């Protein structure tokens, strides 16, 4: 019986036996040649993981009735989400893996967490209508993130198409934080919260444009007075975080529809 000698296992075969395979990502170098990158970038994904943890922490606290802490955790997730992308761009560590991981983390922190927070605080008293409204928000966040990923590179980066999920989460979490801080029970204003949550979900999937602030140059020099304005802004926010943050995000959420109505009015006046 003629048997061929067994071929030695390659490095790839040995790696496939590991319980966790190494991540390999294909890309292109500066000359357009296809290259394969092994592993993931640590620094930006640390911020993304912290964002995911903040969203999960918000869910746990919402389920335990700690609405103040849960709402604050959503805002912490918002800060971390703004950092991971900027860190990746500043350090040139963008990757397809990081983009997908960021979207999944955003779904937890700005989709599931605010919806569950609103449900536990107010919408639960409305029965089936309450969880249906919460689901509208969750579905809106999922669709918003999916559409955003497919439109990268094809739309004007100065504007978001639809309300960004962190801003929508700021409206919902800010409402719970501001009113629960006054000791107001969510069941006493369940209808208003339901309208707000449903509206936030619908705005996320709308075609209304919102300014993205992505064209701001954070690396360039600015006048000295700009630093004073930033300091003043921090002082105003920290003087009463629940109410000030709610006002800011409500104003931003309303800016899109107002701008849209103004554009419609201009078009009608031109005709």
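Numbering (my numbering), first residue to last: 9 to 279. We put the beta carbon where it would ideally sit given N, CA and C, even for glycine. Bear in mind the structure is a predicted one, so any value in this text is a computation, not a measurement.
Under the three-state reduction of DSSP, which class applies to residue i: helix, strand or coil?
{"i": "residue 11", "result": "Only weak support exists for where residue 11 lies, its pLDDT of 47 falling under 50; the value from the coordinates is given anyway. Residue state, collapsed to three classes: coil."}
{"i": "residue 276", "result": "helix"}
{"i": "residue 67", "result": "helix"}
{"i": "residue 83", "result": "helix"}
{"i": "residue 168", "result": "strand"}
{"i": "residue 217", "result": "strand"}
{"i": "residue 97", "result": "helix"}
{"i": "residue 230", "result": "coil"}
{"i": "residue 235", "result": "helix"}
{"i": "residue 73", "result": "coil"}
{"i": "residue 178", "result": "helix"}
{"i": "residue 253", "result": "helix"}
{"i": "residue 281", "result": "This structure cannot settle anything about residue 281, because the visible part of the chain is limited to 9 through 279."}
{"i": "residue 118", "result": "helix"}
{"i": "residue 191", "result": "coil"}
{"i": "residue 102", "result": "coil"}
Report yes if the C-beta distance between residue i and residue j is below 8 Å; otherwise report no.
{"i": "residue 169", "j": "residue 217", "result": "yes"}
{"i": "residue 207", "j": "residue 134", "result": "no"}
{"i": "residue 228", "j": "residue 171", "result": "no"}
{"i": "residue 58", "j": "residue 175", "result": "no"}
{"i": "residue 181", "j": "residue 79", "result": "yes"}
{"i": "residue 268", "j": "residue 219", "result": "no"}
{"i": "residue 92", "j": "residue 122", "result": "no"}
{"i": "residue 205", "j": "residue 109", "result": "no"}
{"i": "residue 179", "j": "residue 54", "result": "no"}
{"i": "residue 132", "j": "residue 209", "result": "no"}
Run the CB neighbour count on residue i, radius 10 Å, all protein chains shown included, and call it buried at 16 or more, exposed below.
{"i": "residue 157", "result": "exposed"}
{"i": "residue 255", "result": "exposed"}
{"i": "residue 124", "result": "buried"}
{"i": "residue 82", "result": "buried"}
{"i": "residue 15", "result": "Residue placement at residue 15 is flagged as unreliable, the pLDDT there being 42, under the threshold of 50; the coordinate-derived value follows with that caveat. The residue in question, residue 15, is exposed, as its Cβ has fewer than 16 Cβ neighbours within 10 Å."}
{"i": "residue 177", "result": "buried"}
{"i": "residue 188", "result": "buried"}
{"i": "residue 164", "result": "exposed"}
{"i": "residue 215", "result": "exposed"}
{"i": "residue 142", "result": "buried"}
{"i": "residue 56", "result": "buried"}
{"i": "residue 12", "result": "In this prediction, residue 12 scores a pLDDT of 45, lower than 50, which makes its location untrustworthy; the coordinate-derived value is nonetheless stated afterwards. It counts as exposed."}
{"i": "residue 191", "result": "exposed"}
{"i": "residue 120", "result": "buried"}
{"i": "residue 140", "result": "exposed"}
{"i": "residue 138", "result": "buried"}
{"i": "residue 199", "result": "exposed"}
{"i": "residue 173", "result": "buried"}
{"i": "residue 234", "result": "exposed"}
{"i": "residue 69", "result": "buried"}
{"i": "residue 67", "result": "buried"}
{"i": "residue 277", "result": "exposed"}
What whole-angstrom Cβ distance do residue i and residue j have, given they're in contact under 8 Å?
{"i": "residue 85", "j": "residue 117", "result": "4 Å"}
{"i": "residue 197", "j": "residue 130", "result": "6 Å"}
{"i": "residue 71", "j": "residue 152", "result": "Not a contact, Cβ separation roughly 24 Å."}
{"i": "residue 252", "j": "residue 244", "result": "6 Å"}
{"i": "residue 185", "j": "residue 76", "result": "6 Å"}
Complete beta strand (DSSP E) runs within the stretch 130–162 (minimum length 3 residues, chain order): none
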